[in-house]
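Contents: one structure, followed by commentary.
Residue numbers (my numbering): 13 to 158.
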(Lines of atoms letter the chains of each structure in order from A and count residues from 1; the text may use other names and numbers.)
(Lines give C-alpha, C1' and ligand atoms only; values in the text may rest on other atoms or scores of the structure.)
Protein backbone atom coordinates (compact mmCIF):
# COMPACT_ATOMS: atom_id res chain seq x y z
CA UNK A 1 0.00 0.00 0.00
CA UNK A 2 1.43 3.31 -1.07
CA UNK A 3 0.69 6.50 0.92
CA UNK A 4 1.39 9.77 -0.81
CA UNK A 5 2.89 12.75 1.02
CA UNK A 6 -0.20 14.95 0.91
CA UNK A 7 -2.38 12.25 2.48
CA UNK A 8 0.20 11.65 5.21
CA UNK A 9 0.35 15.39 5.94
CA UNK A 10 -3.45 15.61 6.16
CA UNK A 11 -3.58 12.67 8.57
CA UNK A 12 -0.80 14.19 10.67
CA UNK A 13 -2.57 17.57 10.83
CA UNK A 14 -5.86 15.89 11.80
CA UNK A 15 -4.14 14.06 14.65
CA UNK A 16 -2.57 17.31 15.87
CA UNK A 17 -5.91 19.15 15.64
CA UNK A 18 -7.84 16.43 17.47
CA UNK A 19 -5.25 16.21 20.23
CA UNK A 20 -5.40 19.97 20.88
CA UNK A 21 -9.20 20.01 20.83
CA UNK A 22 -9.60 17.00 23.12
CA UNK A 23 -7.44 18.17 26.01
CA UNK A 24 -7.28 21.59 27.66
CA UNK A 25 -4.04 23.52 27.21
CA UNK A 26 -1.95 24.44 30.24
CA UNK A 27 -1.60 28.21 30.17
CA UNK A 28 0.53 30.25 32.56
CA UNK A 29 3.78 29.88 34.46
CA UNK A 30 4.69 30.61 38.08
CA UNK A 31 7.73 32.83 38.68
CA UNK A 32 9.31 34.19 41.82
CA UNK A 33 8.06 37.71 42.51
CA UNK A 34 11.58 39.06 41.89
CA UNK A 35 11.83 37.31 38.53
CA UNK A 36 8.38 38.61 37.58
CA UNK A 37 9.43 42.18 38.44
CA UNK A 38 12.51 41.79 36.23
CA UNK A 39 10.71 40.07 33.34
CA UNK A 40 7.41 41.95 33.30
CA UNK A 41 8.21 45.34 34.87
CA UNK A 42 6.89 47.21 37.84
CA UNK A 43 3.31 46.99 39.05
CA UNK A 44 1.28 49.96 37.80
CA UNK A 45 -2.08 49.03 39.36
CA UNK A 46 -3.06 46.31 41.81
CA UNK A 47 -6.43 45.01 42.99
CA UNK A 48 -6.79 42.43 45.76
CA UNK A 49 -9.08 39.45 46.21
CA UNK A 50 -9.22 37.15 49.22
CA UNK A 51 -8.18 33.54 48.83
CA UNK A 52 -11.63 32.39 49.92
CA UNK A 53 -13.30 34.54 47.23
CA UNK A 54 -10.89 33.26 44.57
CA UNK A 55 -11.46 29.67 45.72
CA UNK A 56 -15.20 30.24 45.30
CA UNK A 57 -14.64 31.61 41.78
CA UNK A 58 -12.41 28.66 40.87
CA UNK A 59 -15.19 26.26 41.88
CA UNK A 60 -17.43 27.83 39.19
CA UNK A 61 -15.21 26.99 36.19
CA UNK A 62 -13.77 23.77 34.79
CA UNK A 63 -10.66 24.63 32.78
CA UNK A 64 -9.85 28.33 32.46
CA UNK A 65 -10.01 31.57 34.41
CA UNK A 66 -9.54 35.09 33.03
CA UNK A 67 -8.64 38.30 34.85
CA UNK A 68 -8.84 41.99 34.00
CA UNK A 69 -8.87 45.26 35.90
CA UNK A 70 -11.33 47.72 34.39
CA UNK A 71 -11.69 51.18 35.93
CA UNK A 72 -10.02 49.94 39.10
CA UNK A 73 -12.38 46.96 39.45
CA UNK A 74 -11.31 43.31 39.28
CA UNK A 75 -13.38 41.24 36.87
CA UNK A 76 -12.97 37.48 36.56
CA UNK A 77 -14.37 35.27 33.81
CA UNK A 78 -14.55 31.50 33.52
CA UNK A 79 -14.98 29.03 30.68
CA UNK A 80 -16.84 30.52 27.73
CA UNK A 81 -16.13 34.06 29.08
CA UNK A 82 -18.85 33.64 31.69
CA UNK A 83 -18.61 36.43 34.28
CA UNK A 84 -17.85 34.89 37.67
CA UNK A 85 -16.78 37.93 39.70
CA UNK A 86 -18.38 40.25 40.56
CA UNK A 87 -21.75 38.59 40.08
CA UNK A 88 -24.01 40.36 37.61
CA UNK A 89 -21.23 42.29 35.87
CA UNK A 90 -21.38 42.60 32.07
CA UNK A 91 -18.35 42.77 29.79
CA UNK A 92 -18.17 43.36 26.07
CA UNK A 93 -17.07 40.57 23.73
CA UNK A 94 -14.07 42.62 22.58
CA UNK A 95 -12.77 43.38 26.10
CA UNK A 96 -9.39 41.62 26.35
CA UNK A 97 -8.81 39.43 29.42
CA UNK A 98 -5.72 37.48 30.52
CA UNK A 99 -6.52 33.77 30.31
CA UNK A 100 -4.85 31.17 32.55
CA UNK A 101 -5.45 27.48 33.14
CA UNK A 102 -7.40 26.88 36.33
CA UNK A 103 -4.71 24.36 37.29
CA UNK A 104 -1.98 27.04 37.16
CA UNK A 105 -3.95 29.34 39.46
CA UNK A 106 -4.44 26.44 41.87
CA UNK A 107 -0.69 25.73 41.65
CA UNK A 108 0.05 29.37 42.55
CA UNK A 109 -2.29 29.20 45.54
CA UNK A 110 -0.61 26.01 46.72
CA UNK A 111 2.81 27.70 46.74
CA UNK A 112 1.87 30.76 48.77
CA UNK A 113 0.63 31.59 52.20
CA UNK A 114 -1.64 34.32 53.49
CA UNK A 115 -5.15 35.33 52.52
CA UNK A 116 -4.76 38.06 49.89
CA UNK A 117 -4.06 37.59 46.18
CA UNK A 118 -3.01 40.61 44.09
CA UNK A 119 -4.06 40.93 40.46
CA UNK A 120 -1.58 43.39 38.97
CA UNK A 121 -1.37 45.44 35.82
CA UNK A 122 2.16 45.93 34.59
CA UNK A 123 3.35 47.79 31.50
CA UNK A 124 2.23 45.12 29.00
CA UNK A 125 1.18 42.28 31.29
CA UNK A 126 -1.38 41.26 33.86
CA UNK A 127 0.01 39.12 36.67
CA UNK A 128 -1.45 37.32 39.68
CA UNK A 129 0.70 37.33 42.82
CA UNK A 130 0.29 35.31 46.00
CA UNK A 131 3.00 35.47 48.61
CA UNK A 132 6.39 35.42 46.94
CA UNK A 133 5.17 33.91 43.65
CA UNK A 134 3.66 35.45 40.54
CA UNK A 135 1.68 33.86 37.71
CA UNK A 136 2.07 35.12 34.12
CA UNK A 137 2.40 33.94 30.49
CA UNK A 138 -1.34 34.21 29.99
CA UNK A 139 -3.11 34.26 26.64
CA UNK A 140 -5.07 37.33 25.53
CA UNK A 141 -8.77 36.52 25.16
CA UNK A 142 -9.79 37.52 22.56
CA UNK A 143 -8.33 36.38 20.25
CA UNK A 144 -6.96 33.26 22.00
CA UNK A 145 -10.04 32.13 23.91
CA UNK A 146 -10.56 28.50 24.83
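Idealized CB from N, CA, C, for every residue including glycine.
In this structure, residue 59 sits near residue 81, with a CB-CB distance shorter than 7 Å. Contact between the segment 42-60 and the segment 96-110 is absent: fewer than 3 CB-CB pairs across the two stretches fall below 8 Å. No residue range can be given for residue 135, since it is assigned to no beta strand (DSSP E) and is classified by DSSP as neither H nor E.
Judged by DSSP in its simplified three-state form, residue 61 adopts strand. In this structure, residue 146 places its C-beta atom within 7 Å of the C-beta atom of residue 45.
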